[in-house]
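Enquirer:
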Amino acid sequence: MKGERLKLVLASSSPRRRELLSRLGVEVIVVEPGVRECYRSPFYPSQAVEVASSKVEAVLGIVGEELPILGADTVVVLEDVPLGKPRDAGEARRMLAMLRGRWHKVVTRLALYVPGEGMSLDSVVTEVKMRDYGDDEIEAYVRSGEPLDKAGAYGIQGLGGLLVEEIRGCYYNVVGLPLSRLAKMLREVGLNPWPALGGEGKRVDRGG
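Shown next, in the form of structure tokens:
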């Protein structure tokens with residue numbers, strides 16, 4: 001018998017995260033947490049923990065404790081310098097120039113609240129090397145408008161993929177939601193990330 005769809009509150013306005021979850025068949029309820037993403041240099045992973053968990057806590061105060069709530073925070077880090085979302089086109093140009101021809105890290109921190117289980121946290125790091133692209137390519141990319149709502153001023157799943165030479169680790173982490181790690185977290189708290197494959201409900205055995 002076909003299983004029940006997993007229903008999840010997403011504490012994020014990111015269209016990319018919503019799209020990825022929807023592709024998996026998850027019923028997504030989006031609630032904007034209203035949490036400012038602010039990072040200090042040098043960057044420590046605890047900063048991303050604070051943002052992700054703050055998103056979940058903010059949404060808990062809005063929707064209550066009936067459904068699982070997922071918060072995530074993704075930041076690009078270049079030699080301990082955090083690069084969040086650019087404030088304008090000029091800052092996007094500067095970020096892309098800094099990243100050119102260099103390796104950097106993409107860090108995503110996940111916070112998952114499950115009723116009766118509490119909050120669990122996890123993180124994923126992917127290394128990305130940018131191509132030695134030209135100033136004209138930076139200008140063309142910035143003019144597209146794509147960099148302005150992306151951490152580090154690029155989106156690997158869009159035109160920004162033209163600027164990426166190599167990655168080490170999870171591709172979906174660079175997009176903003178590491179799906180494999182999320183599936184592991186869901187299984188650990190007894191939630192089924194594979195409802196279409198069978199089972200009468202959302203709860204699953206935690207073994208394996």
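All letters in the sequence shown, in the order written, are residues 1 to 208 by our numbering.
Where a beta carbon is used, it is the ideal one built from N, C-alpha and C, also for glycine.
Here the structure is a predicted model, which is why all the values come from computation and not from measurement.
(1) Name, in chain order, the residues that DSSP records as bridge partners for R168.
(2) Which same chain residues end up closer than 7 angstroms to A151 when comparing Cβ atoms and leaving out the 5 residues on each side of it in sequence?
(3) Hey, could you find the ends of the alpha helix (DSSP H) I29 is sitting in?
(4) Would you mind sorting S53 into buried or exposed? The rule is 16 or more other CB atoms within 10 Å of its CB.
(5) Would A153 be called buried (16 or more neighbouring beta carbons within 10 Å of its own) or exposed?
(6) How long is the line joining the alpha carbons of V51 and E139, rounded to whole angstroms?
(7) Please report how far the alpha carbon of S230 lies from the alpha carbon of S180, in whole angstroms.
(8) What are the uninterrupted segments assigned as beta strand (DSSP E) that are 3 or more residues long and contained completely in the region 85–136, given in chain order?
(9) Given a threshold of 16 other Cβ atoms within 10 Å of its Cβ, counted over all protein chains shown, does R17 qualify as buried or as exposed?
(10) When we look at the beta-carbon of R168 and count the other beta-carbons within 10 Å, is it buried (16 or more) or exposed?
(11) Give me the Cα-Cα distance between I69 and D149, rounded to the nearest whole angstrom.
(12) According to DSSP, is G34 part of a helix, a strand, or is it coil?
(13) Roughly how many angstroms separate the alpha carbons of L177 and G101, rounded to a whole number?
(14) Could you check the C-alpha separation between L6 and E65 for me, to the nearest Å?
(15) Is the Cβ-Cβ distance between L24 and P147 less than 9 angstroms?
(16) So what does DSSP say about Y175, is it helix, strand or coil?
(17) Counting along the chain, where does the alpha helix (DSSP H) carrying R15 start and finish?
(18) Roughly how many angstroms separate the alpha carbons of G160 and L96, rounded to a whole number?
(19) Looking at the structure shown, is V81 part of a helix, part of a strand, or coil, going by DSSP?
(20) Around the Cβ of R109, are there at least 16 other Cβ atoms within 10 angstroms (buried) or fewer (exposed)?
(21) Measuring alpha carbon to alpha carbon, tell me which residue in E166, L78, G71 and L191 is nearest G34.
(22) With DSSP collapsed to three states, give me the class of A72.
Expert: Looking at the coordinates:
(1) Counting from one through the sequence shown, the residue named residue 168 turns up at place 168. Its beta-bridge partners are E127.
(2) Position 151 of the sequence shown, counted from the start, is the residue given in the question as residue 151. Cβ within range, chain order: T74, V75, V76, L83, G84 and K85.
(3) Within the sequence shown, the letter at position 29 stands for residue 29. No alpha helix (DSSP H) contains I29, which is instead part of the beta strand (DSSP E) from E27 to V30.
(4) The residue you call residue 53 lines up with position 53 of the sequence shown. S53 comes out buried.
(5) One-based indexing of the sequence shown puts residue 153 at position 153. By the Cβ-count criterion, A153 is buried, with 16 or more other Cβ atoms from all chains shown falling within 10 Å of its own Cβ.
(6) What you label residue 51 is simply residue 51 of the sequence shown in a count that begins at 1. What you label residue 139 is simply residue 139 of the sequence shown in a count that begins at 1. Those two C-alpha atoms are separated by around 31 angstroms.
(7) This structure does not reach residue 230, given that the chain is present from 1 up to 208, and the question cannot be answered.
(8) If we require 3 residues or more, the beta strand (DSSP E) runs fully inside the region 85–136 come out as 103–114 and 118–130.
(9) Against the sequence shown, residue 17 aligns to sequence position 17. Counting of Cβ neighbours within 10 angstroms places R17 among the buried residues, the total reaching 16 or more.
(10) One-based indexing of the sequence shown puts residue 168 at position 168. Burial state of R168 is exposed, judged by a 10 Å Cβ sphere holding fewer than 16 other Cβ atoms.
(11) In the sequence shown, counting from the first residue as 1, residue 69 sits at position 69. In the sequence shown, counting from the first residue as 1, residue 149 sits at position 149. Those two C-alpha atoms are separated by around 23 angstroms.
(12) By 1-based counting over the sequence shown, the position of residue 34 is 34. Residue state, collapsed to three classes: coil.
(13) Taking the first residue of the sequence shown as 1, we reach residue 177 at position 177. Taking the first residue of the sequence shown as 1, we reach residue 101 at position 101. Those two C-alpha atoms are separated by around 25 angstroms.
(14) Taking the first residue of the sequence shown as 1, we reach residue 6 at position 6. Taking the first residue of the sequence shown as 1, we reach residue 65 at position 65. Their Cα atoms are separated by approximately 16 angstroms.
(15) Within the sequence shown, residue 24 is the residue found at index 24, counting from 1. Within the sequence shown, residue 147 is the residue found at index 147, counting from 1. Not a contact, by the Cβ cut-off of 9 angstroms.
(16) Stepping through the sequence shown from its first residue, residue 175 is reached at position 175. Tyr is not the amino acid found at residue 175; the sequence shown has Val there. The answer is helix: DSSP assigns V175 an H, G or I state.
(17) To locate residue 15, count along the sequence shown from 1; it is residue 15. Note that residue 15 is Pro in the sequence shown, not Arg. Segment P15 to R23, the alpha helix (DSSP H) holding P15.
(18) To locate residue 160, count along the sequence shown from 1; it is residue 160. To locate residue 96, count along the sequence shown from 1; it is residue 96. In this structure, the CA atom of G160 is about 10 angstroms from the CA atom of L96.
(19) The residue given as residue 81 occupies position 81 in the sequence shown. Three-state DSSP puts V81 in a strand.
(20) Translated into positions along the sequence shown, residue 109 becomes position 109. R109 comes out buried.
(21) To locate residue 34, count along the sequence shown from 1; it is residue 34. Across the set E166, L78, G71 and L191, the C-alpha of G71 shows the shortest separation from the C-alpha of G34.
(22) Stepping through the sequence shown from its first residue, residue 72 is reached at position 72. A72: strand per DSSP, three-state reduction.
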